[in-house]
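Numbered by numbering that gives the first Met the number 0, the letters in the sequence shown go through residues 0 to 135 in order.
All C-beta atoms, glycine included, are put in the ideal place defined by N, C-alpha and C.
Since this is a predicted model, take the numbers as computed values, not measurements.
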Amino acid sequence: MNHVILIGRLAADPELRYAASTGRAVTNFRLAVNRPFSKERKADFFRVVVWGKQAENVAKYLKTGSQCAVEGSIQIEQYQDRDGNTRYSTDIVANYVEFLGSPSGQRDVDSSYSPSAPIDEREMDFPGVDDEDIPF
């Protein structure tokens with residue numbers, strides 16, 4: 000089974016382009032994922048490829064520092080560089096990208112918001128529940 004789930008922050012703005020042969024949207028970005036249990040702040044950087052409408056949404060809504068979760072598979076490609084040397088590229092081909100938060104250091108909500116008062120549960124209109132109504 001080839002299945003990977005990563006949570007991290009974009010290391011650079013995503014790059015949107017359209018495939019010449021099909022016109023289908025494809026977005027590439029680098030995802031920085033912190034290493035757990037490391038005394039030093041170290042991260043691994045993954046190249047992520049997203050296709051279709053999701054690629055357009057990633058390019059539109061995410062930017063450097065945005066946090067997201069990526070679910071997909073690992074794909075290793077072999078190619079020849081300009082000097083004729085064999086090179087390998089490891090990418091995460093995303094099936095699903097979930098936007099988790101704003102870029103580091105920014106807030107999604109209005110910072111001036113503060114709730115007026117705690118909610119008193121006695122004021123809420125909840126119907127009573129009888130133990131006989133519970134199906135187990």
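Candidates the options, of which the one nearest residue i by Cα
i, options, result
"Tyr62", "Asp12, Asn1, Ala19 and Phe36", "Residue 62 is actually Lys in this sequence, not Tyr. For Lys62, the nearest C-alpha among the options comes from Asp12."
"Ile75", "Val32, Cys67 and Tyr87", "Tyr87"
"Glu55", "Val47, Arg16 and Gly71", "Arg16"
"Ala58", "His2, Gly7, Glu39 and Thr26", "Thr26"
"Lys52", "Val96, Gly100 and Ala68", "Val96"
"Ser4", "Trp50, Asn84, Lys41 and Val69", "Going by the sequence as given, residue 4 is Ile instead of Ser. Among Trp50, Asn84, Lys41 and Val69, the Cα nearest to that of Ile4 belongs to Val69."
"Val48", "Thr89, Met0, Phe98 and Thr21", "Thr89"
"Asn1", "Gly64, Ala93, Phe36 and Lys38", "Ala93"
"Arg29", "Phe44, Thr85, Asp80 and Lys38", "Phe44"
"Thr21", "Arg81, Trp50, Gln66 and Thr85", "Trp50"
"Leu99", "Arg40, Glu14, Cys67 and Arg46", "Cys67"
"Glu14", "Thr85, Arg46, Asn84 and Gln77", "Arg46"
"Leu9", "Tyr60, Glu39, Tyr78 and Phe36", "Tyr60"
Residue i, enclosing alpha helix (DSSP H) - first and last residue
i, result
"Glu76", "Looking at the DSSP string, Glu76 is not in any alpha helix (DSSP H); the run it does join, the beta strand (DSSP E), is Gln66 to Gln79."
"Glu55", "Lys52 to Tyr60"
Run of the beta strand (DSSP E) containing residue i, from where it starts to where it stops
i, result
"Asn27", "Ala24 to Asn33"
"Ala93", "Thr85 to Gly100"
"Arg16", "Glu14 to Tyr17"
"Arg8", "Val3 to Leu9"
Presumed contact (8 Å Cβ cut-off) between residue i and residue j, rounded CB distance
i, j, result
"Ala31", "Gly7", "5 Å"
"Asn33", "Ala19", "So it is not a contact: roughly 36 Å between Cβ atoms."
"Gly71", "Ile91", "5 Å"
DSSP beta-bridge partners of residue i
i, result
"Phe45", "Leu30"
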